[in-house]
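Colleague: Next up is a structure, given as structure tokens.
Numbering (this note's numbering), first residue to last: 11 to 348.
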């Protein structure tokens, strides 16, 4: 079971303390967590690092969704607590400075929708440490937890409770040494693909041959390579095109669900090619799988990769994901001489 470790850069102690209050932690939370939270909030004020540790433990029970996901679901609401992890640009707003107030703005296009502007403002006086100021200058990839205070058209403003680094770790030792477990898996890490030469680029003729190979043939070829003998027929209500428990990543068996997009989908894969509001990704992640795979015959846009990552980082159940574009698909077919 992966756990979340948070390194605070900015933390609003009152907002985080309210979030950790006994009414916000589900009854299913471990007793030790509830006792730790209640004890810390009733005694002397905990430090930013202590609050961040408790927040990391509580996040899987708090049912907080990633902002990009609820945007595509059409469920943005003022007052909703959301999370977003991506690159932002940070800058001091000296026009608003005053006694005890050092406003700092953060802004960025949303990673899945470049025409959507995500922004907010916070008081740099609440940085976790004096040395943190240098870490929040210019562009920086961070994890932001905050409340939607307004949204209109293509603009979303967030009041942050926490800004920092989110890591998924396997155990206390990894947490101690800062070893984060990446959620993205690359095709070369799949044991069943060990015989595939991913280093040598495909020739134009090999890529052209892929475009004349049916989606069903690609699916069955990959299933055979994995060792999955049961391939269900396509039907309208399917959540994935292939489900198997025979995949392994560096010797560890995992259940995987695969979504294949055939040659009929022209051009690069975008979020719009994955159904209304990208709901095919939503259905894929409803499968009881530990690895979710998205395959396409051509290029897969960065926004789609980011959307897969957003779903993979769902804090109540983080999972691994893999992207298989046309180049890598052709390399696999080349290895098995399809």
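The beta carbon of each residue, even a glycine, is placed where N, CA and C say it ideally should be.
For residue 330, which three-state DSSP category applies?
Modeller: Position 320 of the chain shown holds residue 330. Here residue 330 sits in strand by DSSP.
Colleague: Determine the DSSP secondary structure at residue 125, reduced to helix, strand or coil.
Modeller: As a working note, residue 125 is residue 115 in the chain shown. The answer is strand: DSSP assigns residue 125 an E or B state.
Colleague: Taking the beta carbon of residue 173 as the centre, do at least 16 other beta carbons fall within 10 Å, making it buried, or is it exposed?
Modeller: Working through the chain shown from its first residue, we reach residue 173 at position 163. Counting Cβ neighbours within 10 Å, residue 173 comes out buried, since at least 16 surround it.
Colleague: To test your reading of the DSSP string, which unbroken alpha helix (DSSP H) runs of 4 or more residues are found completely within the region 128-176?
Modeller: You should have found no qualifying run.
Colleague: How close, in whole Å, do the beta carbons of residue 346 and residue 231 come, if the pair is a contact with beta carbons under 8 Å?
Modeller: The sequence position of residue 346 within the chain shown is 336, counting from 1. The sequence position of residue 231 within the chain shown is 221, counting from 1. Right, the Cβ-Cβ distance comes to about 6 Å (below 8 Å), so this counts as a contact.
Colleague: Using the three-state DSSP reduction, which class does residue 322 fall into: helix, strand or coil?
Modeller: Translated into the one-based positions of the chain shown, residue 322 becomes position 312. In the structure shown, residue 322 sits in a helix (DSSP, three-state: H, G or I).
Colleague: Could you pull the DSSP bridge partners for residue 178 from this structure?
Modeller: Residue numbering aside, residue 178 sits at position 168 when the chain shown is read from its first letter. In DSSP, residue 178 forms a bridge with 14.
Colleague: Just to confirm, are residue 308 and residue 279 a CB contact at a threshold of 8 Å?
Modeller: Sequence index remark: in the chain shown, residue 308 carries index 298 (1-based). Sequence index remark: in the chain shown, residue 279 carries index 269 (1-based). Yes. Within cutoff.
Colleague: When you compare only the Cα positions, how much space is there between residue 264 and residue 145?
Modeller: By one-based count along the chain shown, residue 264 stands at place 254. By one-based count along the chain shown, residue 145 stands at place 135. Cα to Cα, residue 264 sits roughly 37 Å from residue 145.
Colleague: So for residue 208, helix, strand or coil by DSSP?
Modeller: Translated into the one-based positions of the chain shown, residue 208 becomes position 198. Coil.
Colleague: In its own chain, which residues sit with a C-beta less than 6 Å from the C-beta of residue 156, not counting the 5 before and 5 after it?
Modeller: As a working mapping, residue 156 is identified with position 146 in the chain shown. Taken in chain order, the residues that qualify are 168, 169, 170 and 171.
Colleague: Quick check: residue 318 and residue 342, are their CB atoms within less than 8 Å of each other?
Modeller: Position 308 of the chain shown, counting from 1, holds the residue named residue 318. Position 332 of the chain shown, counting from 1, holds the residue named residue 342. No, the pair does not count as a contact, with Cβ atoms beyond the cut-off.
Colleague: In angstroms, rounded to a whole number, what distance separates the CA positions of residue 22 and residue 87?
Modeller: In the chain shown, residue 22 corresponds to position 12, counting from 1. In the chain shown, residue 87 corresponds to position 77, counting from 1. The straight-line gap from Cα to Cα measures roughly 22 Å.
Colleague: How far does the alpha helix (DSSP H) with residue 240 in it reach, from first residue to last?
Modeller: For this step, residue 240 is matched to residue 230 along the chain shown. Residue 240 -> no alpha helix (DSSP H), and no H or E assigned at all.
Colleague: Alpha carbon to alpha carbon, how far is residue 27 from residue 56? Give it in angstroms, no decimals.
Modeller: As a working mapping, residue 56 is identified with position 46 in the chain shown. As a working mapping, residue 27 is identified with position 17 in the chain shown. When rounded, the distance between both Cα atoms is 9 Å.
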